Structure formats: C-alpha cells, structure tokens
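Visitor:
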Amino acid sequence: MNGTLPALLAQRVQATPQACAFQLEDASGRWQPLSWARFAEQVEQVGRGLAAAGLRHGDRLALVAPVSLHWELVHHAALALGAVVVGFDTHDLPSRIADMTEQADIGAFVVVDEAVLAEVGDERLGAARFVLRLPASRGERRAGTKTLDWDTLIATAPAAGGDAGPVVGADDLATIIFTSGTTGRPRGIAYTHGQVCLAVDAICATFSFVDASSRVLCWLPLSNLFQRIVNLAALRQGAAAYLLADPRRVMQVVAGVEPDVFVGVPRFFEKLLEGVRSGVDAQPPFKRWVARRAWSLGRHMASFRLRQETPPAVLRLAHGLAERLVLARLRASVMGPRLRLMVTGSAPIAPEVLREFLALGWLVLEAYGQSENIVPIAMNRPDDFCFGTVGRPVRSNEVVVGEDGSVRVRGPGLFRGYLGEPRPAGFDAEGFYTTGDLGAWDEHGHLKLIGRSSELFKTSTGRRIAPVLVEDALRRVPGIDQAMLVGAGRKYPIALCTLPGPVDDEARRRLAAAMAAQVAPLAEAERPRGVVLLDRPFDIGRGELTPNLKLRRTAIEALHAPAIEAMYRRLDNRPPEARDLLVG
1 MNGTLPALLA QRVQATPQAC AFQLEDASGR WQPLSWARFA EQVEQVGRGL AAAGLRHGDR
61 LALVAPVSLH WELVHHAALA LGAVVVGFDT HDLPSRIADM TEQADIGAFV VVDEAVLAEV
121 GDERLGAARF VLRLPASRGE RRAGTKTLDW DTLIATAPAA GGDAGPVVGA DDLATIIFTS
181 GTTGRPRGIA YTHGQVCLAV DAICATFSFV DASSRVLCWL PLSNLFQRIV NLAALRQGAA
241 AYLLADPRRV MQVVAGVEPD VFVGVPRFFE KLLEGVRSGV DAQPPFKRWV ARRAWSLGRH
301 MASFRLRQET PPAVLRLAHG LAERLVLARL RASVMGPRLR LMVTGSAPIA PEVLREFLAL
361 GWLVLEAYGQ SENIVPIAMN RPDDFCFGTV GRPVRSNEVV VGEDGSVRVR GPGLFRGYLG
421 EPRPAGFDAE GFYTTGDLGA WDEHGHLKLI GRSSELFKTS TGRRIAPVLV EDALRRVPGI
481 DQAMLVGAGR KYPIALCTLP GPVDDEARRR LAAAMAAQVA PLAEAERPRG VVLLDRPFDI
541 GRGELTPNLK LRRTAIEALH APAIEAMYRR LDNRPPEARD LLVG
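Reminder that position 97 of the sequence shown reads as 97 in the UniProt record's numbering, one-by-one numbering, no gaps.
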C-alpha cells in the first residue's frame, strides 16, 4: 500500500470484495447491505462523472451535505482524482461558509441545499467547475453557475476504460479542515494522504479488536474529520458502517444496528445516562428496586476494577446474577448486545459520568485531539484507562508538558501551518507544537488536562466557542458596560453583562429585548441561552480586570459562581422548546 486513501480502498476491495461495506436505511427503515466491490464500482463511476464535469488533480471540492452514501461516493471518487475534499457543516452560517470557501480556494461544490452558498460571491461560484446537487436537493439554482444534478452526473459519466487517471501520492493533499483559531475566525488546515492514513493506522492499533465482523454507526456529520477517520478505519479493517442521515434518530436505531464501537461527544453521553436513569425510574416498584440494586452492585464492582483490586467472592456472585438478569438486558435494549466500548472526545466529560457507565457494564473511553494534529494526541485504551485523564499519547506522537503546564506535541501528524499564513505559528525550535492546553501527568503516565490557556472553550456538545465575538455583540447594546461568556463543559453558554449601576424593571426588559436581537444572527451553539445582569462594572480592585482592563476570566467566573449556577438551574428547569433569551 502506498499510503494513500485510494490505495486503502483498493486493498480492501481486493481482500474482501463481497463483504459488507455499508448498510443503508431504505424507506421502510430496513437496512440494506452494499458490498465493497459494488461500492468501488460506484466510486469509479462517480469519479468518471466528476472528471467529465471538470474536476482535476489539486482542485478543492466542498461537500456540504448530511451523512449519506453519496457523501462517501463523492469523497472517495474525488480523492482518487487527486482532488482535495473540504467538508462544511450544513448548519454553519452562510457567512462562515463563504469565508472558508475563499480561504480554501474552493473550485467545486456538492450540496443538498444551495441556500448554504447564499453568501458565496457570484465571481467565486461563476468560476467554479460545477455545483453538484445531490438527490432530494432543496433551494433555487443560482444563476450563472454550472449546476449538475446527481442523475445527470451518473448518466453522462463516460464508459470505463481508457485513461487510468491521475497518480495520487502520499504527499498529495487529501483534505482541508477548519478550526476557529484564537480570533474566532475559521482557519484552514491541510493534510496529506499520508497523514490521514497515519491517523487511520493509529485508531486501528488502539482498537485492534475491530475486524471484518464488526459494525460501526456513522451518525456524526462527515464534515467532522474524526467521524471520517472512524469510517476509514472501518474500511481498513473491513468493518461495516451503518450510515444514518439524521443524527436525531440515533437512539431509535442504535440498538437495532448493534454496533461494536460507538463514538459521540460528551453531551450525548450525558443525555444517554439521563435517559437510562429515567427509564429505570419509570419502572413498576419491584422492577425499579431490582434495577437500582443491580446498578448499585455494578458500582461496587466498578470501584474494585478502577482500583485494580479483586472483589470479594460474594460480590462477584451477586454481580454475576445482576449482570445476567438485569444489566446485560438493559444494555442490549438501549445500545444493542454487541457493544464493546464507546469513545468520547472533543470536550471534557465528568469522571462520575464515566463511572456510572462502567457500573452499567459500558466502558466509555476519553480521547484528546486537536485540529492541528490529525492523529489523536492521547487516548485511553480498553486495557489501560484512567477516568479523569485522556490516557497515554497515541503512537507517533511525542507529548511533553512544560514547567508552566503547557501541553506540547511533536509528530508526523502535525499540521504544516494555516492556509494563507506565511509560516507555521506555535512551533518551538525543537519542532514541538504548543497546543494551548494546560495539563499534567498522573503517576501512571496518563495525561490529565487542566484547562485552556486561551479564551476559547468547548460546550459539552463538542462545539468550540470563540467568546470574543459574542461579547462584542453584547457590548454593542446601549447600557451594557462589559460582557463575558461562560459555558465550558456546559450544554450551552450564558453571559455575564455588567451595567454602570442599578436599573429598574422596565429598563431590564428593554435591555433583554435588545440583547436578544443582538445575538440572534449568531450560530445557535454560540448564542447564550441566558444573561446574568450585574449592576456594577467589573473592577480591578476585585481582581476581575487586569491593569490594562482585560478580563480575568477565571476570577470572574469564580466570583460570580452562585449567580452562574442559579441561571443554569433556571434554564434547566425550562421546557425544552423554550429558546428565548432568559435575563436575570
């Protein structure tokens, strides 16, 4: 294998041509298999169509679509032509998509809704090789663009044969991803075929039990590079990937899919645990008592496992009965009977959540990565994990923690600079990249993350938030003195806003309306759900501001923790459909 993604697919097709590559949900909700041989044939056909439409080696192709077989077909076909695949989130703001389009120099688009291109300039779209509309596309066609329908692309694809196509090398670019950066503006990062294959190898080595008999559920957006890497790891091992277009249906289908591995963001696992608890509480009294007793026995067993101690024989016997009669059935009914482990990343997860899952018999492992390193930096392993840490460094990564707690990494998976910037930033003379995270090693060599050295934070749903943009919007409201966004590890952010002095109820209502209007254009993940109004400005003397009037974020959050917690309690007690800004 030459370290490219087309070679990875070719190797799989040669090894197990008739094995299941993907499972596709039909209109009746049944899963239909697609073999590797048939998938490869369709990839070749789509590739001929894309080439006939003008796609060339080195072109940047944007995919703005939900999970589907079409995403996978275009992805692999474009890579085989030597094009660079750029995934955009279908829910991202059109203005950001326009900005990322310019940064990445996109030359072709694949969409299901042309509205996502609303703010892409006419000149850019007019010069694009094509805008390919996938089946069931929505939105009006943009005048002055070369628009193709999927059926037309397939029908007009030249017959097989003739030119073998471009040669793709390990050093050729395969993908461009985007990250917020310190200013909140998306910043492009390009990775080669060799680097993507390196990430796939690392995942496969960490979870070596995944093989051709395994199943994975693809439910996170494929604009998410980690989900793409998981799918490519399934390809390398010959596992079947079940493609779920609507992530909101994940709990409806997962038990029937019976995955061996499941990946998700912390907020998913928090909701899953809440759902299991609610299900237990809803049982008739006797069944509820039995389930709670079984869960309690699981907690005792988990505590021995985490301490690496042998539990007493009586506990082993009691837990064995609870496992057979209650816990195994509960797990099978929720996530299917085959699940070996689950993986979470993208944001911190509370250790107590992981312990509760272990008590039920589910192992959830935390991983740590950054956009600037395509290989996960560190991961817990099935045979080597420690809750509250992100595990040991993944092979090919060299990780060091400085005296100041800064986490630095060196390895072949590191990015080579942001698009459009003259030289890479954040590297030291020895080639280590400063991640911006603070951490420490535990006594067993696991990496424990302490926090971010920058102002960016992530919610428990895995969305990275640049607070400065939101704070600037709030400060534009007349009467607001200062603003600070909080929400790291929470479901959603809230804001602290200061006033020059106390105001009456009518003034508060006017401020609430003005703030709601000001944050309305922001992406949903960025919009604060609540605002805590403080009737005095932040103050240097109280440690809230530096001498040059910059926010001391940690100090402010600690000082106002009671008000912050009170606002989150109020928000959590609201009906789920309530989305208006709560001001208190």
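Built from N, CA and C at the ideal position, the CB exists for glycine as well. Note that the coordinates shown come from a computational prediction; the quantities given were computed from them, not determined experimentally.
1) Identify whether W441 lies in helix, strand or coil by the three-state DSSP scheme.
2) Go ahead and pull the three-state DSSP assignment for V200.
3) With distances taken between CB atoms, is the gap from P528 to I556 smaller than 8 Å?
4) Decide if W362 is buried, meaning its Cβ has at least 16 other Cβ atoms within 10 Å, or exposed.
5) On the premise that V399 lies in contact with V409, defined as a C-beta separation below 8 Å, what is that separation, rounded to the nearest angstrom?
6) Straight-line CA distance for G181 to R187?
7) Indicate whether the contact test is met: 3 or more Cβ pairs, each with one atom in the segment 102-115 and one in the segment 134-147, closer than 8 Å.
8) Could you tell me which of A83, R185 and E44 sits nearest to H57, measuring between CA atoms?
9) Start and end of the alpha helix (DSSP H) containing residue 614?
10) In whole angstroms, what separates the C-alpha of Q32 from that of A332?
11) Using only the alpha-carbon positions, how far apart do S208 and R574 sit?
12) From the DSSP output, read off the bridge partner residues of N397.
13) The alpha helix (DSSP H) that contains Y568, what's its start and end?
14) Please state the DSSP three-state secondary structure of S35.
15) Going by the beta-carbon positions, is the gap between V216 and A234 smaller than 8 Å?
16) Look at L5 and H193 and say whether their C-beta atoms are less than 8 Å apart.
17) Alpha carbon to alpha carbon, how far is A520 from P547? Give it in angstroms, no decimals.
18) Just the Cα atoms here: how many angstroms apart are I97 and W295?
19) Between which residues of its own chain and G184 is the CB-CB distance below 7 Å, once the five residues before and five after are set aside?
20) Tell me, please, which residues DSSP counts as bridged to F262.
21) Enumerate in chain order the residues of its own chain whose CB-to-CB distance from E44 is below 7 Å, with the five nearest sequence positions on each side excluded.
22) Along the chain, where does the beta strand (DSSP E) containing E366 start, and where does it finish?
23) Quick one: using the 10 Å Cβ neighbour count with 16 as the cut-off for buried, is V167 buried or exposed?
24) Could you pull out every residue in the same chain whose Cβ sits closer than 8 Å to the Cβ of G543, ignoring the five residues on either side in sequence?
25) Between A378 and L447, how many whole angstroms is the CB-CB distance? I'm expecting something under 8 Å.
26) A425 by DSSP, collapsed to three states: which one?
27) Which of the three DSSP states, helix, strand or coil, is assigned to I480?
Guide: Well, looking at it:
1) The count along the sequence shown starts at 1 and reaches residue 441 at position 441. In the structure shown, the three-state DSSP call for W441 is strand.
2) Position 200 of the sequence shown holds residue 200. In the three-state reduction of the DSSP assignment, V200 falls in the helix class, which pools H, G and I.
3) Locating residue 528 in the sequence shown gives position 528, where the first residue counts as 1. Locating residue 556 in the sequence shown gives position 556, where the first residue counts as 1. The Cβ atoms of P528 and I556 do not sit closer than 8 Å to each other.
4) To locate residue 362, count along the sequence shown from 1; it is residue 362. Looking at its Cβ environment, which holds 16 or more other Cβ atoms inside 10 Å, W362 is buried.
5) Taking the first residue of the sequence shown as position 1, residue 409 is located at position 409. Taking the first residue of the sequence shown as position 1, residue 399 is located at position 399. Yes, they are in contact, since the Cβ atoms of V409 and V399 sit about 5 Å apart, within 8 Å.
6) Taking the first residue of the sequence shown as 1, we reach residue 181 at position 181. Taking the first residue of the sequence shown as 1, we reach residue 187 at position 187. Residue placement at G181 is flagged as unreliable, the pLDDT there being 41, under the threshold of 50; the coordinate-derived value follows with that caveat. Near 6 Å, if we compare the C-alpha coordinates of R187 and G181.
7) Output reads yes: the segment 134-147 touches the segment 102-115.
8) Taking the sequence shown and counting its residues from 1, one reaches residue 57 at position 57. Checked all of A83, R185 and E44; the closest Cα to H57 is A83.
9) Because the chain spans 1 through 584 in this model, residue 614 falls outside it and cannot be assessed.
10) Along the sequence shown, read from residue 1 onward, the residue named residue 32 stands at position 32. Along the sequence shown, read from residue 1 onward, the residue named residue 332 stands at position 332. Each residue's alpha carbon lies about 22 Å from the other.
11) Along the sequence shown, read from residue 1 onward, the residue named residue 208 stands at position 208. Along the sequence shown, read from residue 1 onward, the residue named residue 574 stands at position 574. Their backbone Cα atoms lie some 44 Å apart in a straight line.
12) As a working note, residue 397 is residue 397 in the sequence shown. Beta-bridge pairing links N397 to no other residue.
13) Taking the first residue of the sequence shown as 1, we reach residue 568 at position 568. Taken as a continuous stretch (DSSP letters only), the alpha helix (DSSP H) holding Y568 covers A561 to D572.
14) Here residue 35 refers to the residue found at position 35 when the sequence shown is read from its first residue. In the structure shown, S35 sits in a strand (DSSP, three-state: E or B).
15) Locating residue 216 in the sequence shown gives position 216, counting from the first residue. Locating residue 234 in the sequence shown gives position 234, counting from the first residue. It is a contact, given that the beta carbons lie within the stated cut-off.
16) Numbered from its first residue, the sequence shown carries residue 5 at position 5. Numbered from its first residue, the sequence shown carries residue 193 at position 193. Judged by beta-carbon spacing, H193 lies within the 8 Å limit of L5, meaning their Cβ atoms are closer than that value.
17) The count along the sequence shown starts at 1 and reaches residue 547 at position 547. The count along the sequence shown starts at 1 and reaches residue 520 at position 520. Unreliable positioning characterises P547 in this predicted model, as indicated by a pLDDT of 47, which lies under 50. The coordinate reading is nonetheless provided below. Each residue's CA atom was taken as its position, placing P547 and A520 some 33 Å apart.
18) Numbered from its first residue, the sequence shown carries residue 97 at position 97. Numbered from its first residue, the sequence shown carries residue 295 at position 295. Their backbone Cα atoms lie some 46 Å apart in a straight line.
19) Start at 1 with the first residue of the sequence shown, and residue 184 comes out as number 184. Only weak support is given to the placement of G184: the predicted model assigns it a pLDDT of 49, under 50, and the value that follows is read from those uncertain coordinates. The answer, listed in chain order, is A466, V468 and L469.
20) Here the question's residue 262 lines up with position 262 in the sequence shown. In DSSP, F262 forms a bridge with M342.
21) The sequence position of residue 44 within the sequence shown is 44, counting from 1. Within the same chain, and ignoring the five residues on either side of E44 in sequence, the residues whose Cβ sits closer than 7 Å to its Cβ are A160.
22) Residue 366 sits at position 366 when you count from the first residue of the sequence shown. Looking at the DSSP string, the run of the beta strand (DSSP E) that includes E366 is V364 to Q370.
23) By 1-based counting over the sequence shown, the position of residue 167 is 167. Classification for V167: exposed.
24) Within the sequence shown, numbered from 1, the residue matching residue 543 stands at position 543. R552, A555 and L559, listed in sequence order.
25) For the purposes of this step, residue 378 is identified with residue 378 of the sequence shown, where counting begins at 1. For the purposes of this step, residue 447 is identified with residue 447 of the sequence shown, where counting begins at 1. Rounded, the Cβ-Cβ distance is 5 Å, consistent with contact.
26) Here residue 425 refers to the residue found at position 425 of the sequence shown. A425 falls in the coil class under three-state DSSP.
27) The sequence position of residue 480 within the sequence shown is 480, counting from 1. I480 falls in the coil class under three-state DSSP.
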